[in-house]
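Trainee:
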Amino acid sequence: MGPRKPRPYIGMFFKCCHVYVRIYLNKAGTAYVGHCPKCARKATVRVGPGGSDSRFWSAE
Ligand SMILES: [Zn+2]
């Protein structure tokens, strides 16, 4: 186990169920991945060159 780092996250608004949650960076550091807490719809926001660094997103 290395030193603990704060895990990056972004805010994701799921329009399907009208809920707002945080989704966290995956282990590879390539995308933010999360699921709607109510219906389990998956949301993915890729990070990297050309990607937006917006911290707030919404999923249809
Ligand atoms: Zn939902």
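Here our numbering is used: the first residue of the sequence shown is 115, the next is one more, and so on. Virtual Cβ for every residue (Gly too), placed ideally from N, Cα, C.
Is residue 149 helix, strand or coil when you go by DSSP?
Mentor: strand
Trainee: Which whole-angstrom value describes the C-beta separation of residue 159 and residue 124, a residue pair presumed to lie in contact below a C-beta threshold of 8 Å?
Mentor: 6 Å
Trainee: Please report the distance separating the alpha-carbon of residue 144 from that of residue 153.
Mentor: 24 Å
Trainee: Could you tell me the alpha carbon to alpha carbon distance between residue 172 and residue 118, rounded to whole angstroms?
Mentor: 29 Å
Trainee: For the beta strand (DSSP E) containing residue 129, list its first residue and its last residue.
Mentor: Neither: residue 129 is in no beta strand (DSSP E) and is coded neither H nor E.
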